[in-house]
Amino acid sequence: MAAKDERPIVIKKVKKVAGGHHGGAWKVAYADFVTAMMAFFMLLWLLNVSEKETLQGLADYFTPSNASMSNASGAGDILAGTALESEGAKASGAIAGTTPSTTVKEKETHSKESAQQQDWNPQVAAREDRALAQLESQIKAAIQETPELSQHQDQLIIEQTPEGLRIQLIDKDGRPMFRQGSAEMYRFAARMLETIAGVIQTLPNRMAISGHTDALPNRGNRDYTNWELSADRANAARRVLANAGVSRDRFSEVTGKAATEPLFPDAPLRPENKRISILLLREAPVIDPAFGAATP
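Just so we're aligned: the sequence shown equals residues 181 to 476 in our numbering.
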């Protein structure tokens, strides 16, 4: 009986397997979330304390430079940026919703046109035309009435142009105004300039003097070309006019043109191409600005 009543003893053995650490992954995700929230609230705080102009500039800074639209971009209000209407990486400083400002060149053109509209006066232009025509007659008469210059009156050309009254002293065959290849003026040419100076003192117009040569290269000095020669001759004419009483403030420019503007383009070697040109500039525009740009 005792043997039958004995129960077998069962021993349960539980095999434990060591597991890995499970507590780090959620911490990384939570740290990223907290950092993002902190950055978001800092952004809200900065938007609240910053001035509107600063925010506008920031929005414009992040506006794509290659955008091609005229409306405002962004989220509207203080976050709205402005986009460029023309190509190029130019920063836009305009407020959202406004049209781009005019360029500097457009402003200068508009200013010149406005000045011409204000300055142009038909009566003033007509009065100046009459004064220049009278001046032309006086110069021709003064040359004709001077015995030593009357034989050289065919070397004087006077014409009215849109820019003003152009007075030209030209060479003739066998009667040059300057020594060959030099800026030394013959006496008759200096006397003609002195006579002209005595007449043009009656008007306050500024003047531009230019020297011209023929197409024949200057000989003797390779470095002294027709450019230097024509400039020196123009400056010599200026000195004669100044010494004869023309105010030095009236000379607007003195230039040498060499053979670039011949009097006879089809005959560049003709002596008449060698000349001194004195342009008395008009002080008032002579063309109605409504029909085009006026020439000062």
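Glycine included, every Cβ here is placed at the ideal spot set by N, Cα and C. The structure displayed is predicted, hence computed values, not measured ones.
CA-to-CA distance, residue j to residue i, given in whole angstroms
i: Arg187; j: Lys207; result: 53 Å
i: Ile389; j: Asp353; result: 23 Å
i: Phe213; j: Phe242; result: 26 Å
i: Leu223; j: Ser230; result: 10 Å
i: Glu408; j: Lys437; result: 9 Å
i: Thr375; j: Leu443; result: 23 Å
i: Arg462; j: Arg355; result: 32 Å
i: Tyr404; j: Pro397; result: 10 Å
i: Ile323; j: Ile337; result: 12 Å
i: Phe358; j: Arg310; result: 33 Å
i: Thr440; j: Asn406; result: 10 Å
i: Asp394; j: Leu449; result: 5 Å
i: Leu421; j: Met387; result: 11 Å
i: Gln318; j: Arg307; result: 17 Å
i: Ala447; j: Ala305; result: 36 Å
i: Pro342; j: Leu373; result: 23 Å
Residue i burial status per 10 Å Cβ neighbour count (16 or more: buried)
i: Asn401; result: exposed
i: Pro302; result: exposed
i: Ala205; result: exposed
i: Ile191; result: exposed
i: Leu226; result: exposed
i: Ile189; result: exposed
i: Met217; result: exposed
i: Ala239; result: buried
i: Ser432; result: exposed
8 Å contact criterion, which residue i and residue j should meet: CB distance rounded
i: Asp334; j: Pro451; result: Not a contact, Cβ separation roughly 12 Å.
Selection from the options that minimises the alpha carbon distance to residue i
i: His392; options: Asp309, Val434, Gly204; result: Val434
i: Ser362; options: Ala205, Asp412, Arg307; result: Asp412
i: Leu312; options: Ala321, Pro327, Glu339; result: Glu339
i: Lys320; options: Arg307, Gln348, Arg359; result: Gln348
i: Leu315; options: Phe358, Glu364, Leu345, Glu325; result: Leu345
i: Asn385; options: Gly237, Leu460, Glu233; result: Leu460
i: Met365; options: Pro327, Thr326, Ser410; result: Ser410
On the three-pair Cβ rule with 8 Å, is the segment 446-460 touching the segment 403-417? yes
With a cut-off of 8 Å, do at least 3 Cβ pairs link the segment 380-400 to the segment 422-436? yes
With three or more C-beta pairs closer than 8 Å as the rule, is the segment 324-332 touching the segment 358-374? yes
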